[in-house]
Each structure stands twice: as structure tokens, then as C-alpha cells.
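Asks: Protein chains in written order, with our numbering: chain A, 1 to 340; chain B, 1001 to 1340.
We treat Cβ as the ideally placed atom computed from N, Cα and C, and that holds for glycine.
The model shown is predicted, which means the values in this text are computed figures rather than measured ones.
There are 2 protein chains.
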Amino acid sequence: MRSLRAVVYGVGAMGSIIARLMLEKGVEIVGAVARSPQKVGRDLGEVASLGFATGVIVESDARRALEAGADIAVVSLASYLSVMFDHFKLCLEHGANVVTIEEESIYPWGSAPELAARLDRIAKENGVSIAASGAQDVFWMNLVSTLAGASHRIDAVSGRCTWNADDYGPEVAKHVHVGNTPEEFERHVAEHGWPDFVTRSTLEALVADVGLTAESVKTAVVPVLAEADTPSRGLDRVISRGRVLGVVDSATIATREGPTFSFEMAGSVYGPGETDVNEWTIWGEPDLHLRNDRVPTRLITCTSVVNRIPDVINAEPGFVTLDRLPKPRYRALPLGHYVS
Amino acid sequence: MRSLRAVVYGVGAMGSIIARLMLEKGVEIVGAVARSPQKVGRDLGEVASLGFATGVIVESDARRALEAGADIAVVSLASYLSVMFDHFKLCLEHGANVVTIEEESIYPWGSAPELAARLDRIAKENGVSIAASGAQDVFWMNLVSTLAGASHRIDAVSGRCTWNADDYGPEVAKHVHVGNTPEEFERHVAEHGWPDFVTRSTLEALVADVGLTAESVKTAVVPVLAEADTPSRGLDRVISRGRVLGVVDSATIATREGPTFSFEMAGSVYGPGETDVNEWTIWGEPDLHLRNDRVPTRLITCTSVVNRIPDVINAEPGFVTLDRLPKPRYRALPLGHYVS
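1. From Gly31(A) to Val7(A), what distance separates their C-alpha atoms?
2. Does Arg331(A) pass the burial test, meaning 16 or more other C-beta atoms within 10 Å, or should it be called exposed?
3. From the DSSP output, which residues share a beta bridge with Asp219(A)?
4. Applying a beta-carbon distance threshold of less than 7 Å, which residues of chain A neighbour Val1210(B)?
5. Would you list the one or two residues that DSSP bridges to Ser15(A)?
6. Given a threshold of 16 other Cβ atoms within 10 Å of its Cβ, counted over all protein chains shown, does Lys343(A) qualify as buried or as exposed?
7. In terms of DSSP beta bridges, what is His58(A) paired with?
8. Can you check whether the CB of Glu1184(B) is closer than 9 Å to the CB of Val1269(B)?
9. Compare the C-beta of Arg1291(B) with all C-beta atoms of chain A and state if any pair is closer than 9 Å.
10. Pairs of beta-carbons, one from the region 1289-1305 of chain B and one from the region 1272-1279 of chain B, closer than 8 Å: are there three or more?
11. Write down the C-beta distance between Ala242(A) and Ala226(A) rounded to the nearest angstrom, noting that I regard them as a contact closer than 8 Å.
12. Provide the residue span of the alpha helix (DSSP H) that contains Arg200(A), from first to last.
13. Is there a Cβ from chain A that is less than 9 Å from the Cβ of Leu1115(B)?
14. Please list, in chain order, the residues of the region 1307-1335 of chain B that have any C-beta partner in chain A closer than 7 Å.
15. For Leu1115(B), which residues from the same chain have a beta carbon less than 6 Å from its beta carbon, with the 5 sequence-adjacent residues on both sides left out?
16. Taking the alpha helix (DSSP H) that Asp120(A) falls in, what are its first and last residues?
17. Assuming Ile122(A) and Leu92(A) form a contact by the criterion Cβ under 8 Å, report the distance between their Cβ atoms to the nearest whole angstrom.
18. Listed in chain order, which residues of the region 138-152 of chain A have Cβ atoms closer than 9 Å to some Cβ of chain B?
19. Sorted by chain position, which residues of the same chain lie with C-beta nearer than 8 Å to His87(A)'s C-beta, five sequence neighbours on each side aside?
20. Short of 6 Å in beta carbon distance, which residues of its chain neighbour Ala315(A), apart from the five on each side in sequence? Order them along the chain.
21. Taking any Cβ of chain B, which residues in the region 21-42 of chain A have a Cβ under 9 Å from it, in chain order?
22. Determine which residues of the region 1183-1204 of chain B have a Cβ less than 8 Å from any Cβ of chain A, and write them out in chain order.
23. Give the single residue among Ile1309(B), Leu1322(B), Phe1319(B), Val1320(B) whose Cα lies nearest to the Cα of Tyr1338(B).
24. Do Ser1216(B) and Glu1104(B) have their C-beta atoms within less than 9 Å of each other?
25. Name, in chain order, the residues that DSSP records as bridge partners for Pro1170(B).
26. Drop a sphere of 10 angstroms on the beta-carbon of Phe52(A), count the other beta-carbons inside from all chains shown, and report buried for 16 or more, exposed for fewer.
27. How would you write the range of the alpha helix (DSSP H) that Pro1231(B) sits in, first residue to last?
28. Can you find a CB in chain A that lies within less than 9 Å of the CB of Ser1250(B)?
29. Pull up the CB-CB distance for Leu322(A) and Tyr107(A), whole angstroms please, since I reckon it's below 8 Å.
30. With respect to the beta strand (DSSP E) encompassing Val1098(B), which residues constitute its N-terminal and C-terminal limits?
31. Quick one: give me the first and last residue of the alpha helix (DSSP H) that Thr1303(B) is part of.
32. Consult DSSP for Phe1088(B) and reduce its assignment to one of helix, strand or coil.
33. Could you check the C-alpha separation between Leu1203(B) and Thr1297(B) for me, to the nearest Å?
34. Can you name, in chain order, every residue of its own chain whose Cβ lies under 8 Å from the Cβ of Gly234(A), other than the five neighbours on each side?
35. Closest to Ala1254(B) by CA distance: which of Ile1239(B), Ala1156(B), Trp1163(B), Ala1190(B) is it?
36. One question on the structure: do Ala1251(B) and Asp1196(B) come within less than 9 Å of each other, judged by their Cβ atoms?
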């Protein structure tokens, strides 16, 4: 069994959980990278609230962290491939495989094909791979494509999930306009458009995984407004009635083969008692239904990424979209056990 | 693309559906085998209520049907590997791969290891494979093991499903003692024991697919009694209050690695409004939940088998347990397209 060496690239809400999960799965953390001056220079164990010192000092210079020599860089920093491109490139050029929760990287060939092609080439030149995982992996793609394994004929696929905008730190809460007025939100969308968020890349991966070909993609966004004053943990303040609690992102894909796929993702600050739900129907012969209640979306984003580490290391070099990774697996043993 | 040639081996409730699904997926049916004198000598289209003649005459001599030369024999005849052994052997010796809904063949190494080893050898000698599919495939194994791909730590796995004992013809209804008195049922179990039915092989396949090792298996059966007079479509008579409507089969497996797996399967004649449900929880970090409502168990048993045909033909020769088949897939194209 190989012992795996990892760099934790981004030590925010998600990176901190990922660090713990990796250590519990026998991964050696050889470096940690963060931007915030409050984190840099401190022990990873302290920054990630692990309850013990790791001996790894968080640093701002990713280059130095990567020079320790890592099998894998686990990158959880920000959304969008354009924002993350230089970070991914740096990791790959240092000979580290990359697994990330960056959402576009699930299936970037639709929304960011040129950046994906460049990273694919850089990965191949360095003999490593890059792939993304997260809640998309098990819940929004593999459970659904597995369910489709019982379909004789698919007419349409529709999915809906909810996630709590308070669970991912202030970056994400601000990204979905929590606390803004509806006018601010509409003005922002009118001026800047609304970048394709999770739904498009998720649905493109799902269509590919079901063995079909996307022909056209439509995306839409509408705000979720507070019906009562609602406290936001993520922003640590109360969102007044009438203000934005989050957004419903949706994507619809028409396929060359006929079936239409749609996915609606409601990310907002929850009221009391709300939990994450994931629900899909495959319409056809026969109609098939799938539902996950009380999905711990934040935690399974992290567990999915960590469980994928062996698959990304084992993959052929290049940009590996989620549909091209093997079936997700539980890892009973230290992760090095699963590396071929 | 190859055109696939199949023998429909068993033209009962399930074989009839399977025949239609195969024809709709571009499979050429070159033979059909049945035992009943009411079926033998008639066109498969008539026997299977396809609404058209196929030109294939149902015959009782399996040998003659197999001599047409088939890529695959789709066998849906009876339960238990001991009952089906000679039929499977005959197919394999004629160079036909076998896919079956026979439940023990999902994972026969626990309950029928010697028969499985003999068939494994015969399959290898003839360069073909044998595997089973059915509702186990997507709903009771792959959805659950895929869900486990989001688990960091598994403490226990428990599942429960229901199926309608009226949906599978009189063979199956009698097998689960529909219409007997509780005393008849208890006497039968006391005298003959209760053979491991679906739960054991399903759970053994699941444990293997999650990457764990079964250490000990317990099975149990209790009758489901009618609380009111209940009409049985399968037996075409009314089951009186207090008589057996079916059984709850359960299995529990302790694994070497720690987690306990249990699966409870309630197969009984339904009252009004009841539908098939499939529900699983993975206890651990985190707890994960999965539920399928309105499962068309009978139909997905057939669609799953048909969608597996390419995988069984592509498999390495031998007895291929369900956990060793690739992820279930939707087949948008004629099945020959997926044969490598």
C-alpha cells in the first residue's frame, strides 16, 4: 500500500473538513495554502479546528507548499474555472493531481471549453489528472444515472435539490446575493448576466453519463425572497423580510437523442426545520423516482471529494470529467490502499 | 455494430416482458423455450402477448432452441441455483452467455458455492459468462453502494423493500405461501426450513460491492397475515382473513471490517393503494438516506436484465457476481451497440 501525500489548497469551511477526513483516511498532509492573513503562519490543525497540531504551517505561497511533492492537491478556494485556472495550472505543473470542489470543473467542456482544453494539455504534459467532485458526484449524477440503468425508455429527466446558503461560508452566501434587495439582484443580473453555476455543469455531466449528447442548454435564475426576517449564520446578520435569501438556479438540456433533462437547485438561507432534499424523476418506461431526505450537503461535498482521491490519481492523465470517473466507492481502508 | 441473437428461456410473466423489451432494443430472438404444453408449438408473439407474430415457435426442447446459436440466453424460469443448474449448464455448453433473474445467482458464493464453482468452470471452458440481474441490480445494490460513495465511515446499513406477490405469476405466489394458513406455513418452515431467498444473495452482493467482507449471515422469515379478505390476482382467488398473504424475508450480515448490513423484504399480496417502496439508510458519518417510491418492481426486474445483456457478453468468461458487473447503464441505442 502506498502512503499518499496531499496539499490542502484552501483552508476555508470546506477545506478544513477535507483536511480532517483525509487525515482520518491515512493521507499525509504535506502542505496547506490559504490567502487570509488570519490563517497564514498558523498550524493547519489550529486553522482547521482539528483539535491537534499537524506540524503543517499554512502558507500563502502555493508554490512552496507544492514543492514538498504531493500526489494530490485538494483545491477548495472559489467557484468558476476562470477564477481557478492559475491555481489548477500551478498544481499540475508541480506534478500534483488535482481534485477540486470547483463546480464548473465537474464538466467544463460546455461553459469553459478553452480553459478546460488548456488544463487538459498541461495535465497530460505533466502525467497527472484533474477532476472535480462534490454533491454532484453521488447525489446529482451517479444516483440518477444508476437509476437510469433500470430505464427501458427515457422521455425526460427532472431533478430538484435544496442547499443551505448558510453552510458554505460568506463567499458562497454573497455569491447567491444573500441580504441584497430584489432590485439589487435584478440590476446585477441585468448588468452582468448570471454565470452558469452548478446546474449546467452537473446536468451536462449527467447527460454524458446516461450516454446521451447535449444539443442545447438553457439556464435561468430567480431570487428566493425572505417572507420573514431570517437570521443568516453565514453572514452573521438578520436578512430582512423582502430581501434575497438565495437563488434558484436551473438548467435545461435538450439532447440529440430526444430526452430533455432539467435540474433546479434552490440555494438559500433556511428557515427553522428546513433540511436539504434531493429528488429526481425519470419519465419514460417506466417512470422512476428517487429521493434523498436530510442530505448533509456540506459534509458529503467533502466526503465525496476525499473518496475520489484514489480515482483521480489512478485516472489517465488529463481533464477527467465526472462521468468518466468510475462508480463512487466507500473507502473502508486508508486511501493509499486504492491506488493502483 | 453487432446484431445480437438471443434465446428467451422461459416465457412466463417475466420472460414475456423481457421478449418485448429485447425486440424493442434491436435484439434478434432466435429461440424460445417453455415447459407448459399451452405454450409449446405457438408463436412467441402470441404466447408473450406481443400483438404480432415473431416467426419464433416456442419449444420445449431447449437444446434445439440453443442450436440456432445465440449470443445470450435470457433465463427466467424458477428460483434457486440447484433448480436452475442444468438449464444454465446447457446454455453455457452451447456457447451462449447467460443472464437470469434467478435470485441466488446474484451472488451464489455464500449459499451455493459448489454449484457456482461448477458453472464458473463450465462458463470459462466455453468462453462465456453467466450473471444475474433484476430489482437487486439498480435498486437494492447499485443505488446503495453508490450512496456509500459519499460515506466517510459506515457503522451499519439497513434496507427495506416491498414487492407485490401478485405481480410474478402463481409460481412465486405459491413460493411465498399465499393462501396457506399460518399453521401450514409454520409447519412447513419447521419441517423443511426456509431456503435463503433473495435477501441473502442481495446483501452478500451489496457487502462485496461496498468493498467489505461478509463474516456471518443470519436469515429469518415471518409470515404476513391478511387482516381482511384480500383478493389475489396471482392466484385468482380471495385470501381469507388470517391466512398468509406473503412473507417478510430478512438477512443480516456481520462484516469483518465492522459494519452490519440488514435487508428486509416484504413480499405479499397488496391491499388497495399499496405500492412498492425501496428505502435504505447508511448509518455512520454522515447518516445517508435513500428512498424510491412507486417502484415498478416487476418491470424494472425485466428492464434491468435486458440492459445488462451487453455487460454479460462483454464480461470475462466465468460466473460474474453482480458486484463485478460495471455500473448499470441506460441503453439509448440497440443493445449490439454496447458490445465490444
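Replies: In short:
1. Computed Cα separation, rounded: 5 Å.
2. Buried, because 16 or more other Cβ atoms sit within 10 Å of the Cβ of Arg331(A).
3. It is worth fixing the name first, because residue 219(A) is Thr in this sequence and not Asp. According to DSSP, Thr219(A) bridges with Ala251(A).
4. Simply Tyr330.
5. It is Gly, not Ser, that sits at residue 15(A) in the sequence shown. None, per the DSSP bridge assignment.
6. The question about residue 343(A) has no answer here: the residues shown for chain A are numbered 1 through 340.
7. Looking at the sequence shown, residue 58(A) is not His but Val. Looking at the DSSP assignment, Val58(A) forms a beta bridge with Ala32(A).
8. Against a cut-off of 9 Å, the Cβ pair of Glu1184(B) and Val1269(B) comes out as no contact.
9. For Arg1291(B), the answer is yes, since a Cβ of chain A falls inside 9 Å of its Cβ.
10. Enough Cβ pairs lie closer than 8 Å, so yes.
11. According to the sequence provided, residue 242(A) is Gly. The question's Ala does not apply to it. The Cβ separation is near 6 Å, so the contact holds.
12. 198-209 is the extent of the alpha helix (DSSP H) around Arg200(A).
13. Taking 9 Å as the CB threshold, Leu1115(B) stays off the interface with chain A.
14. Within the region 1307-1335 of chain B, the residues whose Cβ lies closer than 7 Å to some Cβ of chain A are Asn1307, Lys1327, Pro1328, Arg1329, Tyr1330, Ala1332, listed in chain order.
15. Taken in chain order, the residues that qualify are Leu1081, Phe1085.
16. Annotation: the continuous alpha helix (DSSP H) that includes Asp120(A) extends over 113-125.
17. Sure, about 5 Å apart at Cβ, within 8 Å.
18. Correct list: Val138, Phe139, Asn142, Leu143, Ser145, Thr146, Leu147, Ala148, Gly149, Ala150, Ser151, His152.
19. Only Tyr9, Ala62, Val75, Leu77 meet the Cβ criterion.
20. Result list for Ala315(A): Ser129, in chain order.
21. Residues Leu21, Glu24, Lys25.
22. Cβ contacts with chain A come from no residue of the region 1183-1204 of chain B.
23. Nearest C-alpha to Tyr1338(B): Ile1309(B).
24. No, the Cβ-Cβ distance between Ser1216(B) and Glu1104(B) is not below 9 Å.
25. Residue pairing from DSSP leaves Pro1170(B) without any beta-bridge partner.
26. With fewer than 16 other Cβ atoms inside 10 Å of its own Cβ, Phe52(A) counts as exposed.
27. Secondary structure note for Pro1231(B): it is in no alpha helix (DSSP H), and the uninterrupted beta strand (DSSP E) holding it is 1230-1232.
28. Not a single CB atom of chain A sits nearer than 9 Å to the CB of Ser1250(B).
29. Yes, they are in contact, since the Cβ atoms of Leu322(A) and Tyr107(A) sit about 6 Å apart, within 8 Å.
30. Counted as a single uninterrupted DSSP element, the beta strand (DSSP E) harbouring Val1098(B) occupies residues 1097-1100.
31. Its alpha helix (DSSP H) spans residues 1297-1314.
32. Note: Phe1088(B) maps to helix in three-state DSSP.
33. For Leu1203(B) and Thr1297(B), the distance between alpha carbons rounds to 18 Å.
34. Once the five neighbours on either side are set aside, the close Cβ partners of Gly234(A) are Ala165, Asp166, Asp167, Tyr168, Gly169, Pro170, Val172, Ala173, Val178, Val269.
35. It is Ala1156(B).
36. Result yes, Cβ atoms of Ala1251(B) and Asp1196(B) sit closer than 9 Å.
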